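In what follows, a structure is listed as C-alpha cells, so that the remarks can point back to it.
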Amino acid sequence: MSGPLRVAVVGSGPAGFYAAGALLDADIPVEVDMIERLPTPWGLVRLGVAPDHPKLKTVSRAFERIASKPGFRFFGNVEVARDLSPGDLTRLYDAVVYAFGAQTDRRLGIPGEDLPGSWSATEFVAWYNGHPDFQELEFDLDVERAVVIGNGNVALDVARMLALTPEELAPTDTTDPAIDAIGRSTIKDIVVVGRRGPAQASWTTQELKELGELAGADIVVDPAELELDPVSEASLEDDTNSKRNMDVLRDFAAREPTGKPVTVRLRFLTSPVAIHGERRVESVELVRNKLEEQEGRLVAVPTSERETLECGLVFRSVGYRGVGLPELPFDERRGTIRNEGGRVVAADGTHVASTYCAGWIKRGPTGIIGTNKKDATETVAQLLADVEEGRLSHRDEVTAEEVDAVLAERGVRPVIYASWTSIDELERAAGEKVGRPRVKLRTWDELLDAAERVAAETA
Ligand code: NAP
Numbered sequence: 001m002s003g004p005l006r007v008a009v010v011g012s013g014p015a016g017f018y019a020a021g022a023l024l025d026a027d028i029p030v031e032v033d034m035i036e037r038l039p040t041p042w043g044l045v046r047l048g049v050a051p052d053h054p055k056l057k058t059v060s061r062a063f064e065r066i067a068s069k070p071g072f073r074f075f076g077n078v079e080v081a082r083d084l085s086p087g088d089l090t091r092l093y094d095a096v097v098y099a100f101g102a103q104t105d106r107r108l109g110i111p112g113e114d115l116p117g118s119w120s121a122t123e124f125v126a127w128y129n130g131h132p133d134f135q136e137l138e139f140d141l142d143v144e145r146a147v148v149i150g151n152g153n154v155a156l157d158v159a160r161m162l163a164l165t166p167e168e169l170a171p172t173d174t175t176d177p178a179i180d181a182i183g184r185s186t187i188k189d190i191v192v193v194g195r196r197g198p199a200q201a202s203w204t205t206q207e208l209k210e211l212g213e214l215a216g217a218d219i220v221v222d223p224a225e226l227e228l229d230p231v232s233e234a235s236l237e238d239d240t241n242s243k244r245n246m247d248v249l250r251d252f253a254a255r256e257p258t259g260k261p262v263t264v265r266l267r268f269l270t271s272p273v274a275i276h277g278e279r280r281v282e283s284v285e286l287v288r289n290k291l292e293e294q295e296g297r298l299v300a301v302p303t304s305e306r307e308t309l310e311c312g313l314v315f316r317s318v319g320y321r322g323v324g325l326p327e328l329p330f331d332e333r334r335g336t337i338r339n340e341g342g343r344v345v346a347a348d349g350t351h352v353a354s355t356y357c358a359g360w361i362k363r364g365p366t367g368i369i370g371t372n373k374k375d376a377t378e379t380v381a382q383l384l385a386d387v388e389e390g391r392l393s394h395r396d397e398v399t400a401e402e403v404d405a406v407l408a409e410r411g412v413r414p415v416i417y418a419s420w421t422s423i424d425e426l427e428r429a430a431g432e433k434v435g436r437p438r439v440k441l442r443t444w445d446e447l448l449d450a451a452e453r454v455a456a457e458t459a
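According to my numbering, the residues represented by the sequence shown are 1 to 459, in order.
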C-alpha cells in the first residue's frame, strides 16, 4: 500500500469510537475521519446515559484518548445522505464503517399512542440530556400519575429521572429546563409496566437496585406478582442477572412504604391495549397476560382480564429501532444494516466492497456501552482481514484534501475536534461554577456559534 488506509467512521458514539480506536491501533497505517450529524461527539454517552449516572459517562475519557491519536479527524455537523451520500463516502475513502446507532423508537401499535401526553422514552431522554433536536419539546409533568411501558434499563432511567428530588438532580448535567420541570412536577405515582414476568425483565440488577435507593420515592412491588411459573423459575438457573433481579424484587416486595412523596410501582404480566383521552392522555387500558412457551421462548399472551389505569402521562419505553440509509442494504425486520459480522452484505449475500458496520445499526439496540467494544473490534478485524487478503487497499486518489474540498464545495461547515474541545471546556467551566459536571449547550445555534468562534480563532 502506498499510503495509509483512509477510513470514514460514520457516527461518534461508543461503537464509532471503539472502531476508530481499533483501526488506529492496527499494525498498518490507518487514518480515520469520524463523521457525525450532531456538532458534538459521544452519541448516547452524552445524550442517552442518565445524567445521574456520571460514572458511566467517564468512558468518554477513553474516547478522548482515541481522538488524540495521530490520524484522527472529527467532522461534526456533517450528515450522511444530506451532505455526503454513501456513494460519496465510498469514492472518498478506502473503507467506510457505519456506526450511527438506532435513530428512532419502536412503536406499540395501539390506539391513542400519539395522543398528547404519550411520549416515547427516547424523546424524554433526549430532551433532559440536551439533544439539540429535542429542545423544543414541552413536557407537562403537572399530573398525578405517569405510566412507563417496558421493562428495560431505559424504562428504569425514565422512572428514576421522574422521581428524582431537586437535591438529587442539582449536581447532574441534566439541562436547566428539565431540572426545572422535574423539580416542579406534581407526579405522585410512577407505574412501570412489563408485558412479561419479573424473571424476563431485561433491566440490569444495579439499575434495578437504584430504584430502591431514591430519596423522594418509595418502591412498591406486589409479592403475588413475584410468584414464578415453573419455566421461569427454571430459567433462573442459568441466568445470573435475572436471579439477582428476583432477589432485589423480593427485597422491594418485603418493604413497607415509608411515606415518601412519590411511589414507584413495578407491575408485571400486563400490556397496554389502548391509551384513552379527549384531548390528551387520561388513562391507559391494560390487559393481564399469561406466559406461554413458543419456539423455546416465553411470550406474553393476553387474557380477558382488563383494567383502566388513570394517568396523565405515558412513556413508551419498548426499545430503540435502527433506520437505514439510502443505498445501504437494510433488514427492515431487525432494523439493522444487513451484515455478516460487520461486513455489509447485499440482498444476494455478496459482500458490499469496502463497506462495514458496527454497534446498534449492526446488531440491534442491545447491550451496554462496553458491548460495543467487542462488536466494533470484530468489525475492524474483518476489515483488516480484507486488507490482508487483498480485497481492500489504499487508492492514491483517496486523500484528506479531497474530503475537505468536497465539503467546502458543498458549503458544509464541519465542527472540527478543536471546536468540540472548546465547547466541552465552555460547558465544564459553566458547570464548575454551579457544582455540576457541565452545563450543556443545548440548541443548534448555541453549539454552532461556539464552534464557529473557535474555527474563526484558529483559521
Ligand atoms: P430493552 O432492554 O430491549 O427493553 C425493552 C423492553 O420493552 C423489554 O422489556 C420488552 O419486553 C419491552 N417491549 C418491547 N415491545 C413491547 C410491547 N409491544 N409492549 C410492551 N413491552 C414491550 O431496551 P431499552 O430499555 O430501550 O434499552 C436498550 C439497551 O440500552 C439495552 O441493552 C439496555 O440495557 C441498554 N441501556 C443500559 C443502561 C445502563 O447500563 N444503565 C441504561 C439504558 C439503556 P420483552 O422482553 O417482552 O420483549
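Just so you know, even glycine gets a beta-carbon here, dropped at the ideal spot from N, CA and C.
Predicted model, so just to flag it, every value in this text is computed and none were measured.
Query: Integer Cβ distance of residue 187 from residue 144, believed to fall under 8 Å; Result: 7 Å
Query: Beta-carbon proximity list for residue 115, same chain, < 7 Å, skipping 5 on both sides; Result: 275, 277, 280 and 281
Query: Closer than 7 Å: residue 200 CB and nearest the ligand NAP heavy atom; Result: yes
Query: Where residue 260 falls: helix, strand or coil (DSSP); Result: coil
Query: For residue 204 and residue 241, believed in contact at Cβ under 8 Å, the rounded distance; Result: 6 Å
Query: Contact test: residue 417 Cβ vs the ligand NAP heavy atom, cutoff 7 Å; Result: no
Query: Helix, strand or coil at residue 9 [DSSP, three-state]; Result: strand
Query: Identity of the residue in 26, 83 and 22 nearest residue 36 by Cα; Result: 83
Query: For residue 342 and residue 376, the rounded distance between their alpha carbons; Result: 8 Å
Query: Limits of the beta strand (DSSP E) - the one that residue 240 falls within; Result: No beta strand (DSSP E) holds residue 240; the alpha helix (DSSP H) holding it covers 240-253.
Query: Three-pair Cβ contact test at 8 Å for the segment 408-416 versus the segment 54-70; Result: no
Query: Sheet register partners of residue 320 (DSSP bridge); Result: 105
Query: Coil, strand or helix - residue 290 by DSSP; Result: strand
Query: Residues bridged to residue 426 (per DSSP); Result: Beta-bridge pairing links residue 426 to no other residue.
Query: Bridge partner(s) assigned by DSSP for residue 187; Result: DSSP output for residue 187 lists no bridge partner at all.
Query: Pick from 44, 131, 410 and 302 that is closest to residue 320, judged by C-alpha positions; Result: 44
Query: Distance cut-off 7 Å: residue 358 Cβ against heavy atoms of the ligand NAP; Result: no
Query: Cβ-based burial, residue 200 [other Cβ within 10 Å; buried from 16]; Result: buried
Query: Residue 14 beta carbon near the ligand NAP (any heavy atom closer than 7 Å); Result: no
Query: Burial state of residue 142 (16 or more Cβ within 10 Å); Result: exposed
Query: Backbone secondary structure at residue 77 - three-state DSSP; Result: coil
Query: Simplified DSSP assignment, three categories, for residue 120; Result: strand
Query: Proximity test, residue 207 beta-carbon vs the ligand NAP heavy atom, cut-off 7 Å; Result: yes
Query: Straight-line Cα distance separating residue 94 from residue 344; Result: 15 Å
Query: Per-residue DSSP class, three states only, for residue 166; Result: helix
Query: Check: residue 106 C-beta below 7 Å from any heavy atom of the ligand NAP; Result: yes
Query: Distance between residue 50 and residue 97 (C-alpha atoms, nearest Å); Result: 27 Å
Query: Nearest to residue 259 (by Cα), restricted to the options 272, 231, 219 and 236; Result: 219
Query: C-alpha gap between residue 118 and residue 339, whole angstroms; Result: 34 Å
Query: Identity of the residues DSSP links to residue 462 by a beta bridge; Result: The question about residue 462 has no answer here: the residues shown for the chain are numbered 1 through 459.
Query: Whole-Å CB distance - residue 323 paired with residue 19, under 8 Å assumed; Result: The pair is not a contact, with the Cβ atoms about 19 Å apart (cut-off 8 Å).
Query: Limits of the unbroken beta strand (DSSP E) element including residue 33; Result: 30-35
Query: Inter-residue spacing [alpha-carbon to alpha-carbon] between residue 107 and residue 395; Result: 44 Å
Query: Residue 13 beta carbon less than 8 Å from that of residue 99; Result: yes
Query: Cβ-heavy atom distance, residue 365 to the ligand NAP, below 7 Å; Result: yes
Query: Exposure label - residue 434; buried when at least 16 CB within 10 Å; Result: exposed
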